[in-house]
Each structure stands twice: as C-alpha cells, then as structure tokens.
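Only one structure is covered here, and it is reproduced in the block below.
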Amino acid sequence: MDIIRTLGVFLVYKKKGLIKMEMNELQTLRHSASHMLAQAVKRLYPDTKLAIGPAIDDGFYYDFDTEHTFTPEDLEALEKEMKKIIKEGNRLEKFTLPREEAIALMKEKEEPYKVELVEDLPEGEEISFYKQGEFTDLCAGPHLMSTKTVKAVKLTSLAGAYWRGDEKNKMLTRIYGISYPKKAELEEYLHRLEEAKKRDHRKLGKELGLFMMCDEGPGFPFFLPKGMVLKNTLLDYWRDLHKRNGYVEISTPIILSRHLWENSGHWDHYKD
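Heads up: the sequence shown begins at 586 in the working numbering, then just goes up one per residue.
See the structure below:
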C-alpha cells in the first residue's frame with residue numbers, strides 16, 4: 586500500500602490500482618483543481634482578474650473579472666490547458682507574508698479583488714499564499730502537494746456571480762468544474778449526470794403531459810388534468826400516512842403582512 590501525505594491532512598490510499606478518498610480529501614483535491622483552472626485562465630487570458638475559487642459539494646468553481654465572454658469552446662481550451670498543468674507536476678508550495686507585503690504583492694500582480702480580501706482580514710491574521718509553477722494565489726489552503734494528483738478534470742458550466750454575492754458589486758464570470766483522482770470516477774459521475782437529465786422532472790412533466798411552465802410564473806408548474814390525478818394520488822397517500830401516525834392538518838393564510846416576511850428574512854430575497 587502506498588500512502589501519499591499532503592500537508593498533513595490529505596491522504597490517498599492506493600492498493601491494486603484503486604484509490605479511495607473521503608469527502609474532505611476530495612474537497613482538498615478540488616480546491617487545488619480550482620487553482621489549476623485559475624492558472625489556465627491567466628495563461629490564456631492574462632488580463633483576467635482573479636476573485637475566489639473554493640471547492641463545493643459537487644466540484645469547484647472560480648470567479649473571474651474579464652472583458653472576455655467565455656463560451657463552451659473556451660471551456661474546452663481551458664480544460665486542455667489544465668491537463669497540461671496537471672502533467673507538469675508542479676508542487677503547490679505554501680508561503681506567508683506580513684499584511685503590508687501581502688497587499689504589495691497583490692497590487693504588483695494587479696489583483697484588486699485579492700487586495701480587498703487581504704485588507705479585510707483581521708490584524709495579526711496569517712496571510713498565506715500557494716505557488717505552483719509561475720502561478721501564485723492568495724489562499725488559506727489546504728492543497729495537494731503536486732498537481733499530478735488530479736488525474737481527471739472536467740469544466741462543466743458557466744454562470745454569472747456578483748462579487749461577494751452583493752448585487753451592488755460587479756458581475757463576475759463563474760466557471761464550474763469537477764475533478765477526481767481517477768478517470769473512471771469522473772466518467773461514472775458524468776454518466777450519472779446524463780441519467781439524471783433523462784429523469785429531470787421538467788422534461789418528464791412536459792413529455793407526460795403532467796404540467797406546463799409559463800413565463801408569468803417561472804419555476805411554478807401549472808398542473809394539467811393528468812398531473813392533477815398524480816398530485817391528488819400523492820396527497821391522498823401523504824394524508825393517510827400522517828393520519829395513521831397521529832398527525833392532524835391545519836391551514837395558514839397565503840397572503841400576510843409584509844413585516845412577517847421582513848422578520849423572517851424572506852422579503853429581501855423574494856420581494857420582486
């Protein structure tokens with residue numbers, strides 16, 4: 586059995602060609618993959634400004650400020666560049682800087698979003714960076730020891746995202762991706778995605794004549810006769826199940842005073 590230890594927290598167990606990772610280990614791998622995406626973007630689009638690039642439950646993303654409008658073809662080119670970076674096998678080397686030096690470094694690299702992040706850190710906070718090849722990024726880590734550990738990567742989609750989630754800030758371009766330590770795992774994940782698309786309720790609802798969607802109510806289904814039969818069957822089952830377990834029903838108003846939704850926090854999100 587070979588054990589690769591990275592930064593004391595990331596373990597890859599390899600036996601008979603099989604690799605097993607826990608979720609936190611996958612997140613470390615995907616966080617590193619987000620840095621490889623950022624490195625690929627800076628190589629192909631040097632004027633791009635970097636925002637943030639975390640691991641998430643089903644992959645990773647990175648937010649970019651760029652005049653370039655990314656297309657699916659661009660994702661293919663970036664993916665190809667990422668695979669090149671993986672093969673290069675650069676070490677991800679951590680280093681720290683005092684606050685003023687960290688700000689100076691990010692200003693020198695013309696990374697205004699990173700400057701803002703450093704300036705917002707509490708006084709005395711350790712400010713760490715990770716370097717891989719020619720690329721350096723502000724980051725708390727942890728990361729892999731080498732880019733080679735990422736054996737399979739796929740960029741999946743594009744989206745817009747406001748800087749720091751605030752609609753008053755600039756809209757950035759967000760690129761999503763997924764990565765695994767083995768190609769077979771990535772292929773299995775992509776297969777599951779395709780199978781899920783076939784079972785998408787929006788697709789099936791339309792094909793089976795259960796409900797329709799209208800522009801007047803995006804996300805709200807208008808149930809058709811066959812859909813009502815199915816819906817009422819499910820409601821009858823739900824009611825019977827609750828009744829057998831000692832539950833009773835109540836009904837609350839649909840329209841209530843605005844201050845209730847302000848108190849609950851819903852108003853700012855759904856006022857439109």
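Built from N, CA and C at the ideal position, the CB exists for glycine as well. Here the structure is a predicted model, which means the values were calculated and not measured.
CA-to-CA, the gap between I671 and I688 works out to about 29 angstroms. Comparing C-alpha distances from L789 to each of F805, D751, G812 and M667 shows the shortest one belongs to G812.
For Y630, the secondary structure class from DSSP, reduced to helix, strand or coil, is coil. In terms of Cβ geometry, P766 and L622 do not form a close pair [threshold 8 angstroms]. In the three-state reduction of the DSSP assignment, I840 falls in the coil class, being assigned neither a helical nor a strand state. Positions of the beta strand (DSSP E) runs, each at least 3 residues long and wholly inside the region 793–849, are given as 796–798 and 806–808 in order along the chain. The criterion of a C-beta distance shorter than 8 angstroms is satisfied by A625 and M667. Secondary structure of I670 (DSSP, three-state): helix. In the three-state reduction of the DSSP assignment, A636 falls in the coil class, being assigned neither a helical nor a strand state. A straight line joining the alpha-carbon of A737 with that of L706 spans about 34 angstroms. Beta-bridge partners assigned by DSSP to Q717: F720.
Annotation: L820 to A725 spans about 49 angstroms, alpha carbon to alpha carbon.
Leaving aside the five residues that flank L660 on each side, the residues in its chain whose CB is nearer than 6 angstroms to its CB run, in chain order, L740. Here V735 carries a coil assignment [DSSP, helix/strand/coil].
Distance from the CA atom of L815 to the CA atom of A781, rounded to whole angstroms, is 21 angstroms. Cβ neighbours of T681 within its own chain (closer than 7 angstroms, five residues either side excluded): E711, I712 and S713. Boundaries for D751: no alpha helix (DSSP H) harbours it, and the DSSP string shows neither H nor E there. H844 counts as exposed, since fewer than 16 other beta carbons sit within 10 angstroms of its beta carbon. Across the structure, I637 and S842 are spaced so that their CA atoms are roughly 39 angstroms apart. In the DSSP secondary-structure assignment, I763 is bridged to K739. The beta carbon of C799 is closer than 7 angstroms to those of F807 in its chain, skipping five residues each way along the sequence. By a beta-carbon distance limit of 8 angstroms, F645 contacts S619. Their separation comes to about 4 angstroms.
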